[in-house]
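Using this note's numbering, the letters of the sequence shown map in sequence onto residues 9 to 384.
The beta carbon of each residue, even a glycine, is placed where N, CA and C say it ideally should be.
Notes to accompany the following structure.
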Amino acid sequence: MPDSDQPEDRRPEWTPPDAGQGFASHVRPGVQDSVSESSDIRGGRRQLTVADYVEGVLVGDRATLARAITLIESNAPAHFDMAQAVLRALLPHTGKALRVGVTGVPGAGKSTLIETLGIMLVERRHRVAVLAVDPSSSVSRGSILGDKTRMQQLSMLPEAFIRPSPTGGMLGGVARKSRETMLLCEAAGFDVVLVETVGTGQSETAVREMVDFFMLVLIAGAGDELQGIKKGIVELADAVVINKADGPNRIAARAARAEYDRVLHFLSPATEGWTTHAYTCSAVTGEGIPELWAVVEDFARVTQDNGSFARRRQRQLRSWLHTLIQEQLERYFYGHPRVRSSLADIEAKVAAGELPAAAAAADLIRRIGLLDGKTD
Ligand code: GDP
Numbered sequence: 009m010p011d012s013d014q015p016e017d018r019r020p021e022w023t024p025p026d027a028g029q030g031f032a033s034h035v036r037p038g039v040q041d042s043v044s045e046s047s048d049i050r051g052g053r054r055q056l057t058v059a060d061y062v063e064g065v066l067v068g069d070r071a072t073l074a075r076a077i078t079l080i081e082s083n084a085p086a087h088f089d090m091a092q093a094v095l096r097a098l099l100p101h102t103g104k105a106l107r108v109g110v111t112g113v114p115g116a117g118k119s120t121l122i123e124t125l126g127i128m129l130v131e132r133r134h135r136v137a138v139l140a141v142d143p144s145s146s147v148s149r150g151s152i153l154g155d156k157t158r159m160q161q162l163s164m165l166p167e168a169f170i171r172p173s174p175t176g177g178m179l180g181g182v183a184r185k186s187r188e189t190m191l192l193c194e195a196a197g198f199d200v201v202l203v204e205t206v207g208t209g210q211s212e213t214a215v216r217e218m219v220d221f222f223m224l225v226l227i228a229g230a231g232d233e234l235q236g237i238k239k240g241i242v243e244l245a246d247a248v249v250i251n252k253a254d255g256p257n258r259i260a261a262r263a264a265r266a267e268y269d270r271v272l273h274f275l276s277p278a279t280e281g282w283t284t285h286a287y288t289c290s291a292v293t294g295e296g297i298p299e300l301w302a303v304v305e306d307f308a309r310v311t312q313d314n315g316s317f318a319r320r321r322q323r324q325l326r327s328w329l330h331t332l333i334q335e336q337l338e339r340y341f342y343g344h345p346r347v348r349s350s351l352a353d354i355e356a357k358v359a360a361g362e363l364p365a366a367a368a369a370a371d372l373i374r375r376i377g378l379l380d381g382k383t384d
């Protein structure tokens, strides 16, 4: 970070090394700090310090929480260190929420269910944060979950906080941002975090890795097969919920529930000491929603008693660490000037069969000083 205490004007970072006295550009003190350049903070808003963020989040100030999340979601390298400093200070205040993942194909009724469940939880004096991990938003600009009209009633409640999926970057980056956002929400006093994702096969594992309880929302009548939901995803679930069990659909929903219960019987359990069952509910009428939450609470009790709750969280933290190491090494590698200057050439040689791929990889890695002559 630049030392903005320095009173006189300075040269910008991008000044050419050979620029002489005649080079005209300069930076006024206090302007160069890239954190103040963030789109969130521009427009006359006071720049926050790490302490401001930490205090604001801890007292549950929504505006500060929103800005802290924006800081975490920023892809600017300058924001990374500050965001991490904020997270580090908040870490002792995290971990107390029940983390629940909700997945299912678009149209299954996830957001309606989250709204109905969220309102019920707020009525029961819970504070509910809703986050989304949407793989489509990282690939294209479009989003399966980002519709602003969703969860309108819940979003008006002061005890609820809804944050759409972060955009930009790979799914890994989106998942990291959601995970860190979840920690911020916990530090801000939200005791239930609902993480929504689309059941299309990309992001479920990432969400399973950040929640305690994972529910799969399905509908009946879309055929007896698993509705484009892969068997592997059913195996991740702690509950299979057949939604839209209302009106004429009620009977089909019950039949689907029984069928899924049979399927589940043959699958290995997602959570040690817990048997996954199928349930029916209607997100529109609210029928079955209190019973569904009772299942989540029962799950929390059982797994906290048998220790699998804490073990999963520890496992998640360990695997998160390794994911981050991988991500940061990759970013460092591909961003390194020596890699950038020679990668295209080496790639061409490998493609032409002039250079074995393993030797080329080792050579590139050696160039940035990460390998001491070993190639494995
Ligand atoms: P999502 O894409 O999974 O988030 O699905 P939505 O929550 O947006 O719901 C898709 C459509 O199904 C909407 O038109 C909802 O009103 C409707 N829907 C959601 N839940 C229910 C339900 O329990 N019963 C009925 N009849 N319709 C529902």
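Proximity winner among the options, relative to residue i (alpha-carbon distances)
i	options	result
R70	T213, V136, A228	V136
L191	L351, I80, M159	I80
E305	L106, R75, F169, S82	L106
Y340	R320, A352, G377	G377
A302	L125, A183, R374	L125
R187	P174, R320, A291	P174
K252	S290, T102, G281, V62	S290
A228	A183, E280, P345, Y287	Y287
E299	H285, Q312, T311	H285
R323	I297, S163, T279	T279
F88	A195, G181, E267	G181
V248	R262, R171, A84	R262
F385	D246, Q55, T189	This structure cannot speak to residue 385, because the chain is shown only from 9 to 384.
L7	R171, T293, T283, E123	Since the first residue shown for the chain is 9 and the last is 384, residue 7 is missing from the structure and cannot be characterised.
R309	G343, A91, W282	W282
Q160	P277, L121, N257	L121
W328	K185, P277, E267, H344	K185
A59	P277, A93, A86	A93
R321	E217, A360, S349	E217
Pair within 7 Å by beta-carbon distance, residue i and residue j
i	j	result
R265	I241	no
F274	L244	no
V225	A116	yes
S211	P114	no
K104	G112	no
T205	V215	yes
T78	A195	no
T57	G64	no
A365	V358	yes
T213	L139	no
V347	L325	no
E201	C193	Here residue 201 turns out to be Val, not Glu, going by the sequence shown. A contact, by the Cβ cut-off of 7 Å.
G296	G197	no
A183	V141	yes
D254	T293	yes
Closer than 6 Å: residue i CB and nearest ligand 1 heavy atom
i	result
S119	yes
E185	Here residue 185 turns out to be Lys, not Glu, going by the sequence shown. Answer for K185: no, Cβ out of range of ligand 1.
V271	no
S163	no
N83	no
A260	no
A247	no
D254	yes
P172	no
G115	yes
V141	no
A291	yes
N251	yes
task: Give a yes or no on contact between the region 254-272 and the region 165-173, applying the rule of three or more CB pairs nearer than 8 Å.
output: In the pairwise beta carbon analysis, the region 254-272 is classified as not touching the region 165-173: fewer than three pairs are separated by under 8 Å.
task: Report yes or no: do three or more beta-carbon pairs, one from the region 121-132 and one from the region 84-100, lie closer than 8 Å?
output: Look at the beta carbons and you see the region 121-132 not touching the region 84-100: under three pairs across the two are nearer than 8 Å.
- prompt: Okay, do the region 335-354 and the region 305-323 touch, 3+ Cβ pairs below 8 Å being the bar?
  reply: Between the region 335-354 and the region 305-323, the count of Cβ pairs shorter than 8 Å is below three; the stretches do not touch.
- prompt: Going along the chain, which unbroken runs of the alpha helix (DSSP H) with 4 or more residues stay wholly within the region 199-272?
  reply: If only uninterrupted alpha helix (DSSP H) runs of at least 4 residues are considered, those enclosed by the region 199-272 are 212-216, 239-242.
query: Curious, which full-length alpha helix (DSSP H) runs of at least 4 residues does the region 94-118 contain?
result: Listed in chain order, the alpha helix (DSSP H) elements of length 4 or more contained wholly in the region 94-118 amount to none.
query: For the region 265-334, which segments carrying the alpha helix (DSSP H) assignment without a break, of at least 4 residues, lie completely within its bounds, in sequence order?
result: Whole alpha helix (DSSP H) segments, 4+ residues: 297-314.
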